[in-house]
Amino acid sequence: MRHFFNIISYTFHPLFIPIGGTIIYFMITPYSTLEIQSGNILPIFILTVIIPIIFFLILKNLGVINSIFLPTLQERKYPLYISCVLLLMILYKVIPNNYVHELFFFFIGLLTATGAALILLFLKVKTSMHLLGMGSILMYMIGLSIHFEKNITLAISLFILLTGLVATSRLYFKAHSKVELLIGFLVGVCSQLIILKYWL
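So in our numbering, spot 20 of the sequence shown is number 1287, and the numbers just go up one at a time.
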């Protein structure tokens, strides 16, 4: 069981949420070209997966952080700063070159959620970034389903199940309390819900 929850924790790590949301968008949207897909997916992958991993290795070598799951409040500070900067780079440099309306607002929502997590951090409130990411994608999928009038109920149901598994894995490893998980999920869902009116 420990190995199973370990796989869940790593597979749905917050690091993969931006690229995951991007791929989900291109799977659902009825209109997109290969040029637009490659123009968004590759730079987003580099900025949200490759560069954060490099920063993680640097920060780990400097002794600033000890684990990829950032167990303490102090360890979370710098990765959240870096995440905000990288999300801003995507919003100002990547998406405008290959403009995708719905994807732009997904990243606005992610930036809002990350900013909220950072503010909560200064208030000494630890937010589950795993559940923040899962909540963001779940709400985004519901928005895409309504926007494109596509029935993806099965995919949404599966993602709800996966969200439950991620929450269970974080509780199993005692990484978060139930309240921290709930806060993370609500921050993720609400950040996308607030932005929804601008693109739906």
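Where a beta carbon is used, it is the ideal one built from N, C-alpha and C, also for glycine.
Looking only at its chain, what residues have a beta carbon closer than 8 Å to the beta carbon of residue i, apart from the 5 residues adjacent to it on each side?
i, result
"Leu-1353", "Leu-1314, Thr-1315, Ile-1318 and Pro-1319"
"Leu-1326", "Ile-1332, Tyr-1345 and Pro-1346"
"Asn-1418", "Ser-1412"
"Arg-1437", "Ser-1276, Ser-1395, His-1397, Leu-1398, His-1443 and Leu-1448"
"Leu-1467", "Gly-1410, Ile-1413 and His-1414"
"Ile-1311", "Pro-1285, Ile-1286, Thr-1289, Ile-1357 and Val-1361"
"Pro-1297", "Phe-1415 and Lys-1417"
Quick one: measure Cβ to Cβ for residue i and residue j, integer angstroms, because I've assumed they're closer than 8 Å.
i, j, result
"Ser-1395", "His-1443", "5 Å"
"Gly-1376", "Ile-1291", "Not confirmed; about 13 Å, so no contact."
"Ile-1303", "Asn-1364", "About 10 Å separates the two Cβ atoms, so there is no contact after all."
"Ala-1383", "Val-1454", "5 Å"
"Leu-1388", "Leu-1340", "6 Å"
Between which two residues does the alpha helix (DSSP H) harbouring residue i extend?
i, result
"Ile-1450", "1445-1463"
"Asn-1307", "1301-1312"
"Pro-1297", "Where Pro-1297 is concerned, there is no enclosing alpha helix (DSSP H), given that its DSSP letter is neither H nor E."
"Gly-1376", "1368-1389"
"Val-1352", "1340-1356"
"Pro-1319", "1318-1328"
"His-1270", "1269-1278"
Suppose the cutoff is 7 Å on Cβ atoms and the five residues either side in sequence are ignored; what does the same chain contact list for residue i look like?
i, result
"Leu-1337", "Arg-1343 and Pro-1346"
"Leu-1370", "Thr-1289, Tyr-1292, Asn-1307 and Ile-1362"
"Met-1356", "Leu-1314"
"Ala-1422", "Met-1408"
Could one say the Cβ of residue i lies closer than 8 Å to chain C's Cβ atoms, at least one of them?
i, result
"Leu-1387", "Looking for chain C here will not work: only one protein chain is present."
CB-CB under 6 Å to residue i, same chain, minus the five flanking residues each way: which ones, in chain order?
i, result
"Val-1456", "Gly-1402 and Met-1406"
"Met-1294", "none"
"Phe-1373", "Gly-1288 and Tyr-1407"
### Query
What are the uninterrupted segments assigned as alpha helix (DSSP H) that are 4 or more residues long and contained completely in the stretch 1391-1422, given in chain order?
1396-1414
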